[in-house]
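Peer 1:
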Amino acid sequence: PPGTILENGTCKLIPQIDTVCPSGFVEEGNRCVQYLPANKICPPGFNLSGQQCMAPESAELESTCPPNSIFENGKCK
1 PPGTILENGT
11 CKLIPQIDTV
21 CPSGFVEEGN
31 RCVQYLPANK
41 ICPPGFNLSG
51 QQCMAPESAE
61 LESTCPPNSI
71 FENGKCK
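Numbering (the UniProt record's numbering), first residue to last: 1 to 77.
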């Protein structure tokens, strides 16, 4: 019958072996599989911010002086 083998003219029961996956793995079909989070890598020139790749922005610094003064030689006068 199913689940047995013929050995020396006698049917012997084939014991079923329970399989257990290691901690952190799940059983899929006849295999143990582990899912890991993907590494997030941004292309050159971009920075990872949360879940998005962002291009850094740059702008020229603007010097402003208080009212009634002028900007001269890198200083407000």
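Don't be surprised by glycine CBs; every beta carbon is placed ideally from N, CA and C.
Less than 8 Å between the CB atoms is what I'm expecting for V20 and V26, so what's the real figure, rounded?
Peer 2: Counting from 1 along the sequence shown, the entry for residue 20 is found at position 20. Counting from 1 along the sequence shown, the entry for residue 26 is found at position 26. About 11 Å separates the two Cβ atoms, so there is no contact after all.
Peer 1: Expressed to the nearest angstrom, what Euclidean distance is found between the alpha-carbon atoms of M54 and K40?
Peer 2: Position 54 of the sequence shown, counting from 1, holds the residue named residue 54. Position 40 of the sequence shown, counting from 1, holds the residue named residue 40. So the alpha carbons of these two residues sit roughly 13 Å apart.
Peer 1: Starting from C11 and walking both ways along the beta strand (DSSP E), at which residues does that stretch end?
Peer 2: Here residue 11 refers to the residue found at position 11 when the sequence shown is read from its first residue. It spans 10-13 - the beta strand (DSSP E) in which C11 sits, taken as one unbroken run.
Peer 1: Run through DSSP, which three-state label would C65 get?
Peer 2: Numbered from 1 along the sequence shown, position 65 holds the residue referred to as residue 65. Three-state DSSP puts C65 in coil, outside helix and strand.
Peer 1: CB I5 to CB I14, shorter than 8 Å?
Peer 2: Position 5 of the sequence shown, counted from the first residue, corresponds to residue 5. Position 14 of the sequence shown, counted from the first residue, corresponds to residue 14. It is a contact, given that the beta carbons lie within the stated cut-off.
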